[in-house]
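Undergrad: Per this note's numbering, the sequence shown runs over residues 2 to 336.
From the three backbone atoms N, C-alpha and C, an ideal C-beta is built for every residue, glycine too.
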Amino acid sequence: MKTSAKTRRMVAALPALVKALVRHARAPFRSAVRRARGPVRETLSAETLSARYCYAVWLRHLVKANRYGLRTDPTSVAELGPGASLGVGIAALLTGAERYLALDVVRHANAAANLSVFDELVGLFHRRATIPDSVEFPEVRPRLGSFAFPDEILTADRLLRSLDSARVTELRERVRLDQLEYVVPWDDPAAIEAESVDLVFSQAVMEHVADLDTTYAAVFRWLKPGGTMWHQIDFRSHGTSPIWNGHWAYPDWMWRLVRGDAPINRQPLSRHLEAIEAAGFLRIACETEQAESGIDRTWLQPVWGWLDDRDLSCASALIQAVRPARPQPRIAGIS
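#1: According to DSSP, is A326 helix, strand or coil?
#2: Output the distance between the C-alpha atoms of A211 and H273, rounded to the nearest integer angstrom.
#3: Should P133 go down as buried or exposed, given a rule of 16 or more other Cβ atoms within 10 Å for buried?
#4: F349 and A280: beta carbons closer than 8 Å?
#5: Helix, strand or coil, according to DSSP, for E137 in the structure here?
#6: Please tell me whether G97 and R162 are closer than 8 Å, where the distance is taken between their beta carbons.
#7: DSSP on W254, reduced to helix/strand/coil?
#8: Of the residues D165, P252, L102 and P325, which one's Cα is nearest the Cα of G228?
#9: For A66, which residues in the same chain have their Cβ closer than 8 Å to its Cβ, ignoring the five residues on either side in sequence?
#10: Roughly how many angstroms separate the alpha carbons of L164 and A195, rounded to a whole number?
#11: Since D235 sits in a beta bridge, which residues does DSSP pair it with?
#12: Please classify T299 as buried or exposed, where buried requires at least 16 other C-beta atoms within 10 Å of its C-beta.
#13: Report back the beta-carbon spacing between L122 and R177 to the nearest angstrom; my notes put them in contact at under 8 Å.
#14: Three or more C-beta pairs under 8 Å: does that hold for the region 238–249 against the region 257–266?
#15: Put I244 into one of helix, strand or coil per three-state DSSP.
#16: So, using beta-carbon positions, are A52 and V118 closer together than 8 Å?
#17: Rounding to the nearest angstrom, what Cα-Cα distance links V64 and P143 in this structure?
#18: Report the three-state DSSP secondary structure of I296 (helix, strand or coil).
#19: Check the DSSP bridge columns for T76 and list the partner residues they point to.
#20: To the nearest angstrom, how far is the alpha carbon of A37 from that of E153?
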């Protein structure tokens, strides 16, 4: 009986998967945690300290928002899980935002790192540098068709105002004195005021959130009516498996050993979309990146048997959604 190329690849990968399971099962707890976090986390931490990475992330999100007709000049911005620096939020401030809130589980960033990123970002925006591409940052999503500086969004007039020397000096002093708003922890929906921000965004964070329903409901609460959220989500195994979607092949007891205390929720695209809809959002866009050479349905644990084919092959997604504006009250006698 002939076997497909995909089946042969899966069989060839089986010894590596088994070795990974045994290695994690036998490892001391702390070593298992370190391996579960893996090189992906270490790379991400290093990248968030790079001004060019932060510049790339913010501009890619702006380009995508513009493509789908969303507002690209938010006044107040909140970021979930900024990580080692607040550089993406600083990029938002340098392009016109007046308020930025960083929401994280623990405080990672510090004033020295933020100041270094700030100074380099100012130069990048002054030069209208092209957006760092997939050669420089192969893991960064969303991908773009063109990495040219988005002059149609960040016009000369807009940058003249946002990069005004007095404004930049004032922002730099806030960064130097560590006066940017840092909300730690952010697991309480009351962490920030209701209906107080225009935009909530995240970059490779929502795959680490334990309670999707509560989190998306909190984001809905924080946004002003008509406000938007942008989330780039990575559904891969984050170093816990030699196969990109192999984390869905682990039984729960083995997953606990492999994962350690690394916060990876294993929830697929459809679960995020379900929670977003339940929170009350109107979904505007969902750009997915499909991957090949992963496990097929026969490898799924029963608890994950409900995953559809799109979930099983979805490596990442950009989701943009809007909190609907309140309907205007009707005045008697006026149609």
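TA: On the basis of the supplied data:
#1: Against the sequence shown, residue 326 aligns to sequence position 325. Of the three classes helix, strand and coil, the one that applies to A326 here is coil, per DSSP.
#2: Numbered from its first residue, the sequence shown carries residue 211 at position 210. Numbered from its first residue, the sequence shown carries residue 273 at position 272. Approximately 12 Å, taken between the alpha carbons.
#3: Stepping through the sequence shown from its first residue, residue 133 is reached at position 132. Per the 10 Å Cβ criterion, buried.
#4: Coverage of the chain is limited to positions 2 through 336, which leaves residue 349 absent and any answer about it impossible.
#5: As a first step, residue 137 is located in the sequence shown; it is residue number 136 there, counting from the start. In the structure shown, E137 sits in coil (DSSP, three-state: anything other than H, G, I, E or B).
#6: Walking along the sequence shown from the start, residue 97 turns up at place 96. Walking along the sequence shown from the start, residue 162 turns up at place 161. Contact: yes.
#7: The residue labelled residue 254 in the question sits at position 253 within the sequence shown. Note: W254 maps to helix in three-state DSSP.
#8: Taking the sequence shown and counting its residues from 1, the one referred to as residue 228 is at position 227. If we check each option's Cα against that of G228, P325 comes out closest.
#9: In the sequence shown, the residue the question calls residue 66 occupies position 65. Closer than 8 Å at the Cβ level, and outside the excluded window around A66, lie R72, T73, T229, W231 and Q321.
#10: Reading the sequence shown from its first residue, position 163 is the one you call residue 164. Reading the sequence shown from its first residue, position 194 is the one you call residue 195. Distance between the alpha carbons of L164 and A195: 30 Å.
#11: Along the sequence shown, read from residue 1 onward, the residue named residue 235 stands at position 234. Answer by DSSP bridge pairing, in chain order: S317.
#12: Taking the first residue of the sequence shown as 1, we reach residue 299 at position 298. That one is exposed.
#13: For this step, residue 122 is matched to residue 121 along the sequence shown. For this step, residue 177 is matched to residue 176 along the sequence shown. Contact between L122 and R177 does not hold, since the beta-carbon distance rounds to 14 Å and is not under 8 Å.
#14: yes
#15: What you label residue 244 is simply residue 243 of the sequence shown in a count that begins at 1. In the structure shown, I244 sits in coil (DSSP, three-state: anything other than H, G, I, E or B).
#16: Here the question's residue 52 lines up with position 51 in the sequence shown. Here the question's residue 118 lines up with position 117 in the sequence shown. Cβ distance < 8 Å, so A52 and V118 count as in contact.
#17: In the sequence shown, residue 64 corresponds to position 63, counting from 1. In the sequence shown, residue 143 corresponds to position 142, counting from 1. Taking the straight line from one Cα to the other gives about 10 Å.
#18: Here residue 296 refers to the residue found at position 295 of the sequence shown. Three-state DSSP puts I296 in coil, outside helix and strand.
#19: Numbered from its first residue, the sequence shown carries residue 76 at position 75. Per DSSP, T76 has no beta-bridge partner at all.
#20: Here residue 37 refers to the residue found at position 36 of the sequence shown. Here residue 153 refers to the residue found at position 152 of the sequence shown. Its pLDDT being 30, under 50, A37 is placed unreliably by the model, and the measurement read from it follows with that caveat. The straight-line gap from Cα to Cα measures roughly 42 Å.
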